[in-house]
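Have a look at the structure below, then the notes.
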Amino acid sequence: MIRKLCGIFAVACALATSVICTPAQMQEIKEKPRMYSYVAFWTLPRAQWAEEAKQAASEEKMMQKSVADGGIVGYGSDQNLIHQPDGATHDTWFSSMSMAGLLNQLDQFYKTGMTTSPVDLSATKHWDGMYVSRYYNWHSGSWKDVYSHVSVYQLKADAPNDAVDTLSKSLFVPIMEKMLADGTIHEYEIDTEAVHTQTPGAIWVSYIAANAEGIDKVGAAVRDAQKASPLGGPAFQSMADFAQHRDYLSKTNATYK
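Residue 171 in our numbering sits at position 156 of the sequence shown, with consecutive numbering throughout.
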């Protein structure tokens, strides 16, 4: 892998941080055990938003026990702040170190009848996603009314098979680890679909900022890195179709073990 990275993709290292990322440093960034996440997306009438907040609180109480039992490692809910005509207004999610952990948690929701509550039945649209990450980290704790940012990138058809690993090690992880260490963010992960319901090749890069100012700090860190290495952008563009790029910004409640 290192020999491959010494080619065209090595220039992406400098984008990752103001300190040049050498092949040896990239080798130190290793993929972690697979973490799976289940996300339920909802498009709800505005009149139901208060009821959705109550239901999310009830779901959180149920998931607190699952975290304590080790079935899941994190959970939360999001309220979308940048609304689109056909997009979700809310989502709820939970993460586990196994697909079984997700399915067992989902089964609990079905058995309690939460999936057929009046607020859920009022949704004009609903869909689910199951994702997997091998690059992630977090602070343990619970946070209310913080902010989540998600960037979605679509890899080009001719992108190398190790594109996710390359981008994670040379670009995403170094920036996010720095932001995590100084308290700017509480959590980050780089996801792909575990169960494919969309065109394969999408990457979700998400983080939970400690406060509103954290969104600015992460953005500034990315821009500073780009200035430090103007060649980094073209290297990223060689792998991703930026015409398909989308961002999402949400108000978030989250807990991680």
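A virtual CB, placed ideally from N, CA and C, is assigned to each residue, including glycine.
Note that the structure is a prediction, hence the values are computed from the model and not measured.
Under 8 Å, do residue i and residue j count as touching if we go by C-beta distance?
i, j, result
"Asp135", "Lys266", "no"
"Ala269", "Gly91", "yes"
"Ser113", "Gly89", "no"
"Phe56", "Asp122", "no"
"Lys171", "Asp262", "no"
"Tyr271", "His105", "no"
"Ile205", "Ser185", "no"
"Ser137", "Pro249", "no"
"Thr207", "Val167", "no"
Between which two residues does the beta strand (DSSP E) carrying residue i extend?
i, result
"Gly216", "Element bounds for Gly216: n/a, residue is neither H nor E."
"Asn268", "Ala255 to Tyr271"
"Gly89", "Gly89 to Asn95"
"Ile200", "Ile200 to Val210"
"Leu170", "Gly156 to Leu170"
Using 8 Å for Cβ pairs, my map puts residue i next to residue j. What's the rounded Cβ distance?
i, j, result
"His201", "Ile223", "5 Å"
"Val165", "Ser253", "Going by Cβ atoms, the distance from Val165 to Ser253 rounds to 23 Å, so no, they are not a contact pair."
"Thr212", "Val233", "Rounded, the Cβ-Cβ distance is 28 Å, inconsistent with contact."
"Val147", "Ile44", "Not a contact, Cβ separation roughly 18 Å."
"Thr58", "Lys140", "4 Å"
Classify residue i as buried or exposed, calling it buried when 16 or more other Cβ atoms lie within 10 Å of its own Cβ.
i, result
"Gly86", "buried"
"Lys19", "In this predicted model, Lys19 has a pLDDT of only 35, less than 50, meaning its place in the structure is not dependable; the value taken from the coordinates is given anyway. Exposed, because fewer than 16 other Cβ atoms sit within 10 Å of the Cβ of Lys19."
"Glu75", "buried"
"Leu96", "exposed"
"His260", "exposed"
Which residues bound the alpha helix (DSSP H) around residue i?
i, result
"Thr181", "Ala178 to Leu182"
"Gly229", "Ala227 to Ala243"
Do the segment 67–81 and the segment 229–243 touch if we need at least three Cβ pairs shorter than 8 Å? With a cut-off of 8 Å, the segment 229–243 and the segment 67–81 do not count as touching, because too few Cβ pairs lie within range.
Assess, as a yes-or-no matter, whether the segment 141–156 is touched by the segment 50–62 under the definition of 3 or more beta carbon pairs within less than 8 Å. The segment 50–62 is in contact with the segment 141–156.
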